[in-house]
Each structure stands twice: as C-alpha cells, then as structure tokens.
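For the sequence shown, full-length UniProt numbering assigns the number 1 to the initial residue and increments by one for each residue that follows. We treat Cβ as the ideally placed atom computed from N, Cα and C, and that holds for glycine.
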Amino acid sequence: MSKMKLFAGLDIGTDGARVDVLTGDLELKYENSINYELLSPRQGWAEQDPDQIFDVVNNLLTDVVENFGQEDLYIVFCSVMHSIMAVDKEGNKLSNLIIWADSRGEEYRDKLSEKYDSNLFYQRTGCPLHSSYWPAKIMWLKKNISEKIDKYVSIKEYIIFRLTREWKTDYALASTSGIFNSLNRKYDKKILKILGLTENDLAEVYSGHHIFKFEINDREVNGILGSTDGALANLGAGSINENKIVLTAGSSSAVRYTSAEYTHDPEGRAWNYFIDQDLYIIGEATNGAGLVFDWLKNILSYDDIKKFSRENLPQIPYQGNELIYIPTMMGERAPSYNEKTRGFFYGLSLNHSREDLVLAVYESIAFHLKLIYEDLKRLNNCEQIELIMTGGLGLTDHFMKLLSYLIGEIKYIPDYEQNTAVGAAMLGIKVVDRISYKDLLKYLPDYKTVKNNNEPEFASYLDSKYQHFYEVYQHLQENYEVFTFLNKK
C-alpha cells in the first residue's frame, strides 16, 4: 500500500502553537493547538519561556507523528517574527524569549538613532529602526546578560536546534530581524559591525525550501525550514501578488501584500520581508490588537471578552458614544514608529460603562488598521485591489462590518483559523511536489464577501469618529513628551 503524502504546518505563534496536517490538495486531516503564557514582569517587557514553548511544540509533533508517522510526512516550520533570546555554547538559554511586543530596547534604539542615520538601517535591511527588531534587543542582551553569550537566536531556531543540534534559520525569518540584507541574502556586514557581531554569533541562513531530518520518539521525520507567520498567512489567504491586500487582526494587527519585487519605501515605514526565496511581503504592523483585548479582559473581569464582543457589541447603541481609545499601550510601530507613546482614552465620563470601553477599544483596532492601510496603499499600484481579512479578532462579523464601512468591501474565508498553517503546507507542496502557488489556489475554500449595508447614519458616525480618532492620534504623536514622565525610570 502506497504512503499518503502529508504536510503538517507547524505555527509557533504568540498565544500558542498549532499544527494542521493537510494533503497535497489542501484537505485538512488533523488539527491541534496548545496555548502558552506571555510574561510581563516589568513595564515594557513581553517575554516567554522558550522551554515551555519547546515542550508544547514537542507534544504537538509527537501526536502528529503517532497519528501520521507511517505516511510520507513533512513538517513545515513557521514562527512568529522578531523573537530573540541568548544562548550559551551548549545551546542552553541565557534569557527568556523576548518577543515583538517588548520595548525594553527603546533606550538602545535611541542610542543607535543618535549615533547613526536611522535610514541607514532601513536602506540596508528593509526594516525600520525600532525596538521590536534585533539591533536594540541585542544591545540590551549584551548589557544585561552576565554569562558568556554564544548566539542570538529566534524561537524557531531554538526549537530546531533542540531537535537537530544545528543552528538553522531561513530567509524569511532572517529578513524580519533588522540585521539581514535581503538584496544580497546575507547578514549585513555594516550592521553586524555596528553591533559588534560576526556571522558566527547567529544561526546559519538557508532557503526556506531547505529539507532536513530530525527524530520524534525515535522516528525519523522530514522537516522543511519554512517561513514566518505573517508571510504564510498571506499565502494561506490566497495572496500571491499585489492585487490582494491582507488585513490581519490577531495578537497584533498588520496590513500586507505579496510581491515578486523588493519594494523600497521612500518614507522608510513599510517593511520588506521574504515569504520564500521567490516572493516578498510588503507591509506595516501595529502592536495594538488582541493583546490589548487580553489586558482589557483582565482589568474588567470578563471570562471571555472575545465571545462577549461577538455577541454584544453589535447591540450597543453607537449614537452618542464619543469615547475614543488610542491602542498604543506597548508603544507604536506603524505608521509613526514612536515607541514612547502609550495607550490613551479620550472623552471618558461618568456615563460610560465597561461595555463602552470594550466598544472603544474594538473600534480603535479597526481605525488603526485603516490608518496603516491608507499609508501602505501608496506603494501598491494595482487599480483593482481585493481586501482579505484574517486573524481571530478580525474574523468576527461586527469587526468586518466596521472595516467594510471604513475601507471597502472585505473578503474572507469562513471558519478558517488555519490560514497560516495552510500557507505552510502550500510552501511544503511547492518544495516537494514542484507545484506553483498559483496552481494551489484552486484548492483554497471560496471567499465570502462583506459589503457595507448602506446605513447612512452608521457610515456618518464611523467617518466622524475616525476623524476624531485620527486627530487625537496625531496630537499624541506630536506631544508625547508631555506623557513620558509617567514612564521614566
């Protein structure tokens, strides 16, 4: 009996890890997910225990191999962007995993900006100079880790090392670090020199198509290096060229489109990352989305704030609700890249309920997506653009209704949480079966469309509130120094 060829997309995310096993025609055979903790021991810190994440991944892969190890199985690795940790010569952790939302490197970002032209980093790496990227985080780790650091690695590199005893990374993940030159596909020598690093301090870079072997419970398994979560979310949503812009509202928010060409932003705001060796994603991201909702859930004592939002927000009267929230609790990425700004409620009164607070935060995430969408689309020259919604927060009826009024007609794939893992499977199929992404699109589920219902009062309310949101946002960006005394050490 011949073996079935299967592709397991392993998505190592912010909230947890998930694995989805698919066939060569993208039929889902199995899915599983396990969450893990986000730690914030100090203001501005966002970190995780890499060993806890490895245990979660190992458990997921063990179940997959037990169920499908007798088949021709390929594990395609995918992980969150921008994570970093320090390890010693034996590969043991010297720090927790510092994730994208962490701003402890802000001081070092400022020092780099004072000493060097900020545009230097963008020109050489396609990444703006910001504390979410590796340069500032590496400087913090060098200053604060007393033990001898052998390497700086991401969570995917750490997990693959634990499985293979080899330090490997891929073009896509390296391109999100802020120290990798995507044009020559190598770590940038000038940036390394600025940081006092050599290539030996980092994982070796391979194509994401690279196949390697590892063992799970004494069974040999095929691994494919793969890509990043945002890049593969684009693939899994059907975006393989510029005419499909993907909007994501998950742990964070992002707007991305796919291109065969490296795209330089004269303003230095839109980043360029690899999907694989043939494609790029161009986009902008913001910190404020699902993590803000998690914070709100805790302080307002909701058991399930996302369920509450789905069921109750559409019924909350919008007339007269002038409460505005600016979702920059962890500093700002796009479009301002102002790390010193913080979250802000404007218009709070005795008449507001906790439901009004939830609505204001919910609307602010949609407003912020519109803000970065408007900024990004200046780089996209397509006349006909389709907008594709992804992400656990984004794929709710009321959120898509908001965006349909704010931006335009929204398309989505219903009941489809695994678009990142599907994108990973698509990459694996391309590598193993030599089938193009274009030819794989026919296997994706059909889109559904959300159009605005032509409610003039609601449209007028959203337009007016967005303008007020934008004015408050701009005022905070221009006057953030007034509030920075709150964050001084």
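Q.
One question on the structure: do Ile34 and Leu60 come within less than 8 angstroms of each other, judged by their Cβ atoms?
A. Using a Cβ distance threshold of 8 angstroms, Ile34 and Leu60 count as a contacting pair.
Q) Counting along the chain, where does the beta strand (DSSP E) carrying residue 490 start and finish? A) Only positions 1 to 489 of the chain appear in the structure, and residue 490 is not among them; the question remains open.
Q: Taking the CB atoms as reference points, tell me whether Ser239 and Tyr262 lie closer together than 8 angstroms.
A: Not a contact, by the Cβ cut-off of 8 angstroms.
Q) Between which two residues does the beta strand (DSSP E) carrying Lys151 extend? A) Here the beta strand (DSSP E) through Lys151 covers Lys151 to Val153.
Q) So Leu26 and Val422 are in contact, right, with Cβ under 8 angstroms, and what is the actual spacing, rounded? A) Right, the Cβ-Cβ distance comes to about 6 angstroms (below 8 angstroms), so this counts as a contact.
Q) Should Ile388 and Tyr412 be called a contact, given that it needs their Cβ atoms to be closer than 8 angstroms? A) In contact: Ile388 and Tyr412 (Cβ atoms closer than 8 angstroms).
Q.
Looking at Tyr116: is its Cβ nearer than 8 angstroms to the Cβ of Val64?
A. No.
Q.
On the criterion of 16 or more Cβ atoms from any shown chain inside 10 Å, does Thr449 qualify as buried, or is it exposed?
A. By the beta-carbon neighbour count (other beta carbons within 10 angstroms, threshold 16), Thr449 is exposed.
(Q) What would DSSP say about Ile34, mapped onto helix, strand or coil? (A) Shown here, Ile34 sits in a strand according to DSSP, grouped into three states.
Q) Across which residues does DSSP place Leu192 in a beta bridge pair? A) None, per the DSSP bridge assignment.
Q. Could you give the residue range of the beta strand (DSSP E) that holds Ala8?
A. Per DSSP, the unbroken beta strand (DSSP E) holding Ala8 starts and ends at Lys5 to Ile12.
(Q) Which runs of the alpha helix (DSSP H) at least 4 residues long sit entirely within the stretch 392 to 446? Give them in chain order. (A) Restricting attention to alpha helix (DSSP H) runs no shorter than 4 residues, the stretch 392 to 446 encloses them at 397 to 406, 419 to 433 and 437 to 440, ordered along the chain.
Q.
Within a Cβ cutoff of 6 angstroms, which residues of the same chain sit near Tyr405, ignoring the five residues on either side of it in sequence?
A. Counting only Cβ-Cβ distances below 6 angstroms, and skipping sequence neighbours, we find Asn452, Ala459 and Leu462.
Q. What does a CB cutoff of less than 6 angstroms around Phe308 pick up in its chain, not counting 5 residues either side in sequence?
A. So the list reads Tyr302, once near-sequence residues are dropped.
Q.
Could you give the first and the last residue of the continuous alpha helix (DSSP H) run that contains Tyr466?
A. Element bounds for Tyr466: Pro456 to Glu478.
Q: Answer with buried or exposed for Pro135, where buried requires no fewer than 16 other C-beta atoms within 10 angstroms of its C-beta.
A: By the 10 Å Cβ count, Pro135 comes out buried.
(Q) Taking a contact to mean a Cβ-Cβ separation below 8 angstroms, would you say Asp170 touches Gly223 in this structure? (A) Not a contact, by the Cβ cut-off of 8 angstroms.
Q | First and last residue of the uninterrupted alpha helix (DSSP H) at Gly236 | A | It spans Asp229 to Gly236 - the alpha helix (DSSP H) in which Gly236 sits, taken as one unbroken run.
Q: Kindly indicate the opening and closing residues of the beta strand (DSSP E) around Ala17.
A: DSSP places Ala17 in the uninterrupted beta strand (DSSP E) bounded by Gly16 to Thr23.
Q: Spell out a yes or no on whether the stretch 12 to 19 and the stretch 122 to 133 are touching, meaning 3 or more CB-CB pairs, one atom from each, closer than 8 angstroms.
A: No: fewer than three Cβ pairs fall under 8 angstroms.
Q. DSSP beta-bridge partners for Glu215?
A. Glu220, per the DSSP bridge assignment.
(Q) I'd like to check one pair, Leu173 with Lys156: are the Cβ atoms closer than 8 angstroms? (A) In this structure, Leu173 lies closer than 8 angstroms to Lys156 by Cβ.
Q) With C-beta atoms as the reference, is Met81 less than 8 angstroms away from Tyr108? A) In this structure, Tyr108 does not lie closer than 8 angstroms to Met81 by Cβ.
Q | Opening and closing residue of the beta strand (DSSP E) in which Ala136 lies | A | First-last for Ala136: Trp134 to Asn144, but that is the alpha helix (DSSP H), not the beta strand (DSSP E).
Q.
For Arg162, which residues in the same chain have their Cβ closer than 6 angstroms to its Cβ, ignoring the five residues on either side in sequence?
A. Closer than 6 angstroms at the Cβ level, and outside the excluded window around Arg162, lie Phe54.
Q: Using only alpha-carbon positions, find the residue among Lys151, Lys430 and Arg219 that is nearest to Leu202.
A: Selected option, being the one with the closest Cα: Lys151.
Q) Do Ser103 and Gly331 have their C-beta atoms within less than 8 angstroms of each other? A) Cβ distance < 8 angstroms, so Ser103 and Gly331 count as in contact.
(Q) So the candidates are Cys127, Lys137 and Ala86; which of them puts its Cα closest to the Cα of Glu106? (A) When each option's Cα is compared against that of Glu106, the closest is Lys137.
Q: Please name the residue in Val153, Pro445, Asn243 and Val472 whose C-alpha comes closest to that of Glu199.
A: The closest CA to that of Glu199, considering only Val153, Pro445, Asn243 and Val472, is found on Val153.
Q) Looking at C-alpha atoms only, which residue of Leu38, Val57, Asp51 and Leu22 is the closest neighbour of Asp11? A) If we check each option's Cα against that of Asp11, Val57 comes out closest.
Q: Whole angstroms is fine: what's the gap from Leu6's alpha carbon to Met426's?
A: Taking C-alpha positions only, Leu6 is separated from Met426 by approximately 11 angstroms.
Q. What's the call for Gln418, buried or exposed, on a 16-neighbour Cβ count within 10 Å?
A. With 16 or more other Cβ atoms within 10 Å, it is buried.
Q. Taking the Cβ atom as the reference point for each residue, do Val472 and Tyr74 lie within a distance shorter than 8 angstroms?
A. Against a cut-off of 8 angstroms, the Cβ pair of Tyr74 and Val472 comes out as no contact.
Q: Starting from the C-beta of Tyr318, find all residues in its chain whose C-beta is less than 6 angstroms away, skip the five residues before and the five after it, and write them out in chain order.
A: These residues qualify, in order along the chain: Tyr461.
Q. If you draw a straight line from the alpha carbon of Asn351 to that of Asn312, how long is it in whole angstroms?
A. CA-to-CA, the gap between Asn351 and Asn312 works out to about 18 angstroms.
(Q) With three or more beta-carbon pairs closer than 8 angstroms as the criterion, would you say the stretch 348 to 364 touches the stretch 242 to 252? (A) Judged by Cβ distances under 8 angstroms, the stretch 348 to 364 makes no contact with the stretch 242 to 252, as fewer than three pairs qualify.
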